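Participant: Starting off with a structure, shown below.
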Amino acid sequence: MLDTSARLLRLLSHLQTPREWTGAELAERLAVSGRTVRADVQRLRDLGYPVLATRGSAGGYRLGAGAVLPPLLLDDEEAVAVTVGLRTATGGAIAGIEEASLRALAKLEQVLPSRLRRRVNTLQAYTVPVPRGDAGPGADPAVLTTLSALCRDRERLRFDYHDHAGAATLRTVEPYRLVIWGRRWYLLAWDVERSDWRTFRVDRIRPRTPTGPRFTPRDLPDDDVAAYVSGRVSAAAWRYRAQVTVHAPAEVIADRIGPAAGTVERLDEHTCVLHTGADTIETLGVYLGMLDADFDVTGPPELLTHLHRLAHRYLRATTSSAPDDPTG
1 MLDTSARLLR LLSHLQTPRE WTGAELAERL AVSGRTVRAD VQRLRDLGYP VLATRGSAGG
61 YRLGAGAVLP PLLLDDEEAV AVTVGLRTAT GGAIAGIEEA SLRALAKLEQ VLPSRLRRRV
121 NTLQAYTVPV PRGDAGPGAD PAVLTTLSAL CRDRERLRFD YHDHAGAATL RTVEPYRLVI
181 WGRRWYLLAW DVERSDWRTF RVDRIRPRTP TGPRFTPRDL PDDDVAAYVS GRVSAAAWRY
241 RAQVTVHAPA EVIADRIGPA AGTVERLDEH TCVLHTGADT IETLGVYLGM LDADFDVTGP
301 PELLTHLHRL AHRYLRATTS SAPDDPTG
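Okay, here's the thing in C-alpha cells:
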C-alpha cells in the first residue's frame with residue numbers, strides 16, 4: 001500500500017506539469033507497466049483529480065480542471081512562493097480577499113515542513129513593509145475575474161464608468177490587458193465609440209451583462225504594456241494635473257521621482273517639463289517637494305493656493321525657530 005501511495009504521488013507530480021504524458025512515458029518514469037499506469041490514473045480520478053486522456057499516437061494524459069479542488073502537490077520553492085504571496089495578499093490591492101487569504105495561509109502553514117516554515121518566517125521577520133499611504137478603494141475580485149476572462153475570450157464589454165465626481169458614462173470596449181500599479185488596477189482596452197486606446201481604473205468599472213460579441217484582436221499600442229499604461233495614467237485617472245517646468249536636467253529629475261509621479265520631458269540640457277498629477281492637491285505638492293530643484297508652475301489654481309500656503313507655513317516655521325547667527 002505504501003508503494004502504491006508513493007507511486008500515486010509521483011504520478012500526480014508529473015501530471016501537474018503543463019504538458020501531456022503518454023502512457024509509455026509515465027510507465028518508464030514510474031518503472032511500472034502500462035496497465036499499472038492506467039490503474040493508477042483511475043485511482044487518481046476516484047480521489048477527485050480530473051485526469052484527462054486523449055487517444056491516438058499523439059494522445060496522452062494531462063490534469064484538467066474539475067468540479068472541486070483536489071489537493072495540490074507543491075515543491076519547496078512553490079510552497080514558499082505561495083505562502084509569501086498569501087501573506088502579501090492579506091493587505092493587497094484586491095478588496096474582499098483578505099479573509100480568504102488568511103484562511104488559505106493558515107491551512108498551508110499548518111502543513112509546511114519545518115525547514116520551509118523557517119524560511120518563510122525568517123523572510124517575514126526581517127521584512128518591514130511600508131504602510132500604505134493610499135487608502136483608495138481596491139478592485140473587486142469578481143470584476144477582475146470577469147475582465148480577465150473577457151481579455152482571454154476576446155469578448156466586448158459594456159460597463160458604467162464612474163469619474164472622480166461619481167458621474168457614470170456607458171462605455172463599450174474591447175478589453176486586452178489588466179495592469180496593476182501600486183494598489184490600483186487598470187484595464188487597457190480599445191474604446192469602440194472613440195476609436196482609440198483607453199485606460200480605465202478597475203475600481204470604477206461596473207460591468208453590464210450580457211457581454212458583447214467576440215472581436216478580432218488588434219496589435220497592442222506598445223510592446224511594453226506596463227510602460228504604456230503608466231504613461232497614460234495622468235490622463236485617465238488623476239483628478240489634478242500640472243505641467244511643471246523644472247530647472248534641472250531631465251535624467252536627474254527622472255531619477256528623483258517614481259513613475260507614479262508622472263513623466264519627464266526634456267527641453268534642453270538644463271531644463272525639463274514634468275507632467276504630473278494626483279488625486280489630491282496635497283499629494284501633488286509632495287511630488288514637487290521631492291524634486292529638490294527650482295521649478296515654475298502656473299496651475300491649476302488649487303495647486304497655486306496650496307503652494308502659497310506651504311510657503312508661508314515653512315517660512316513661519318523657520319523664522320520662529322531660527323538659531324542665533326554665530327557670526328553676529
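Letter by letter, the sequence shown follows residues 1 to 328 in full-length UniProt numbering. Ideal Cβ placement from N, Cα and C applies to all residues, glycine included. Being a predicted model, the structure only gives us computed values, none of them experimental.
(1) With a Cβ-Cβ cutoff of 8 angstroms, do V202 and W190 count as a contact?
(2) Please determine, among H306, V273 and I281, the residue with the shortest C-alpha to C-alpha distance to D294.
(3) How big is the Cα-Cα spacing for Y287 and V82?
(4) Going by Cα to Cα distance, which pick from V244, R266 and L178 is closest to V229?
(5) Grouping DSSP H, G and I as helix and E and B as strand, with all else coil, what is Y49?
(6) May I ask you to list the residues that DSSP assigns as paired with Q16?
(7) Would you give the residue range spanned by the alpha helix (DSSP H) that G212 belongs to?
(8) Can you grab the Cα-Cα spacing for the pair Y314 / W181, in whole Å?
(9) If we call anything under 8 angstroms between Cβ atoms a contact, is E109 one with R115?
(10) Does the segment 262-279 touch the segment 240-254, meaning 3 or more C-beta pairs lie closer than 8 angstroms?
(11) Using beta-carbon positions only, say whether L147 and L102 come within less than 8 angstroms of one another.
(12) Where do the ends of the beta strand (DSSP E) carrying D191 lie?
(13) Going by beta carbon distance, what residues of the same chain come within less than 6 angstroms of E25, once the five residues before and after it are set aside?
(14) Measure the CB-CB distance between L8 and R45 and report whether it falls below 8 angstroms.
(15) Please report the straight-line C-alpha distance between T327 and D292, rounded to a whole angstrom.
(16) Beta-carbon within less than 7 angstroms of W238's beta-carbon, same chain only, minus the 5 sequence neighbours each way: which residues are those?
(17) Taking the alpha helix (DSSP H) that D255 belongs to, which residues open and close that run?
(18) By DSSP's criteria, E265 is part of a beta bridge. Which residues make up the other side?
(19) Alpha carbon to alpha carbon, how far is L63 from V41? Give it in angstroms, no decimals.
(20) With H, G and I counted as helix, E and B as strand and the rest as coil, what does DSSP make of A242?
(21) Could you have a look at V179 and say whether DSSP puts it in helix, strand or coil?
(22) Assign G262 to buried or exposed, taking buried as 16 or more other Cβ atoms, counted over all protein chains shown, within 10 Å of its Cβ.
(23) Whole angstroms are fine: how far does the CA of D153 sit from the CA of Q124?
(24) Please go through the same chain and pick out, in chain order, the residues whose beta-carbon is closer than 6 angstroms to the beta-carbon of R232, but skip the five residues on each side of it.
Facilitator: Per the coordinate set shown:
(1) It is not a contact, given that the beta carbons lie outside the stated cut-off.
(2) Out of H306, V273 and I281, V273 has the C-alpha closest to the C-alpha of D294.
(3) Looking at the two C-alpha atoms, the distance is approximately 35 angstroms.
(4) Just measuring C-alpha positions, the residue of V244, R266 and L178 sitting nearest V229 is L178.
(5) DSSP places Y49 in coil when its eight states are reduced to three.
(6) Beta bridge pairing from DSSP links Q16 with no other residue.
(7) Looking at the DSSP string, G212 is not in any alpha helix (DSSP H), and its letter there is neither H nor E.
(8) Taking the CA atoms as reference points, Y314 sits about 32 angstroms from W181.
(9) Pairing E109 with R115 gives a Cβ-Cβ distance that is not under 8 angstroms.
(10) Yes, since at least three Cβ pairs between the segment 240-254 and the segment 262-279 fall closer than 8 angstroms, the two stretches touch.
(11) In this structure, L147 sits away from L102, with a CB-CB distance that is not shorter than 8 angstroms.
(12) Counting along the chain, D191 sits inside the beta strand (DSSP E) bounded by residues R184 to D191.
(13) Closer than 6 angstroms at the Cβ level, and outside the excluded window around E25, lies no residue.
(14) Not closer than 8 angstroms, so no.
(15) Since pLDDT at T327 reaches only 48, below the 50 mark, its modelled position is unreliable, and the value read off the structure follows with that caveat. Per the coordinates, the alpha-carbon of T327 lies some 28 angstroms from the alpha-carbon of D292.
(16) Once the five neighbours on either side are set aside, the close Cβ partners of W238 are G277, A278 and D279.
(17) D255 -> alpha helix (DSSP H) spans A250 to R256.
(18) Looking at the DSSP assignment, E265 forms a beta bridge with V273.
(19) If I take the Cα positions, the gap works out to 10 angstroms.
(20) Strand, per DSSP.
(21) For V179, the secondary structure class from DSSP, reduced to helix, strand or coil, is strand.
(22) Buried, by the Cβ-count rule.
(23) If you take the alpha carbons of Q124 and D153, they lie about 38 angstroms apart.
(24) Within the same chain, R232 has close Cβ partners T199.
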